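A short worksheet on the structure shown next.
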Amino acid sequence: MNRREEILQAARALAAEHGVAALSVRAVAARAGIGASTLRHHFPAQRDLYDAVVAELFDPGLGDLRIEDRRVDPLERLLECVGQFLPAEDAPPALGGWFALHAASAGPGSTEQGRALVAAVDASSRASTVRWIDLLAEEGVLRRGPLEQHVELILALVDGLRLRMLVPGSGTTPGRALEVLAAALERAVIRD
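For the sequence shown, the numbering used here gives the first residue as 17, with consecutive numbering after it.
See the structure below:
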């Protein structure tokens, strides 16, 4: 295993044990058994480290799936892609991690690391969503309106559904959230 991977492994372990807010250059370097200057050689800016960890922790395997396959219904393709932002039926810890990440970025316990991580997650989610919307716009299958408005709607809906899943007794399961997402995409994003 190369040094960069050792650093990322230490960062993943630290995040799993103490949450993403615990990721600092010193803490990760200590966990990896190296000096901060060695860590900075592989990750010159703290943001580089955060971005690498976030890419692995919060967007594992996030892909374009069949978004370019025009033989498949556009709604189905977009739902497959956007549905990746929701936790799987058997993965409630992912939802808790999402909430913990956001809690570390706002409120009395917020940290600079938490804010940087949320910014990195948001940038990654937004970039994926923009890519999918751009592809569907080229096909002419979107409802009228600015593309950025479609992106904002999708991201706000996903965030809201994740929050609903955290509310005890809401009845919003990952499966139900996917149904709501499909209905919203059909009514507001994909053209009839």
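Note that CB positions come from ideal geometry on N, CA and C, so glycine has one too.
These numbers come from a predicted model, not from an experiment.
With 16 or more other Cβ atoms inside 10 Å of its own Cβ, P90 counts as buried. The C-beta separation of L24 from A68 comes to about 6 Å, placing the pair in contact by the 8 Å criterion.
R147 and L197 have their C-alpha atoms roughly 18 Å apart. A135 and L65 have their C-alpha atoms some 13 Å from each other. Rounded to the nearest whole angstrom, the C-alpha separation of A193 and L171 is 13 Å. Around S141, the same chain offers F101, L171 as residues with beta carbons nearer than 7 Å, after the five sequence neighbours per side are excluded. For M181, the enclosing alpha helix (DSSP H) covers residues 163 to 182.
The beta carbon of A38 sits closer than 6 Å to those of L30, all from its chain and outside the five residues before and after it, given in chain order. Here the alpha carbon of L78 sits roughly 24 Å from the alpha carbon of G156. Excluding its 5 nearest sequence neighbours in each direction, Q62 has C-beta neighbours in its own chain below 6 Å: V41, listed in chain order. Along the region 77 to 129, the beta strand (DSSP E) does not occur as any fully enclosed run of 3 or more residues. For V137, the number of other beta carbons within 10 angstroms of its own is at least 16, and it is reported as buried. Residue state for L55 is assigned as helix, using DSSP reduced to three classes.
For I206, there is no enclosing alpha helix (DSSP H), since its DSSP letter is neither H nor E. The alpha-carbon of Q129 is positioned some 15 Å away from that of F115. For L197, the three-state secondary structure derived from DSSP is helix. Within the same chain, and ignoring the five residues on either side of G99 in sequence, the residues whose Cβ sits closer than 6 Å to its Cβ are L194. By the C-beta density criterion, G35 is buried, having at least 16 other C-beta atoms within 10 angstroms. In its chain, beyond the 5 residues on either side, V41 have a beta carbon closer than 8 Å to the beta carbon of R56.
Out of P184, C97, R93, the CA that lies nearest to the CA of S144 is found in C97.
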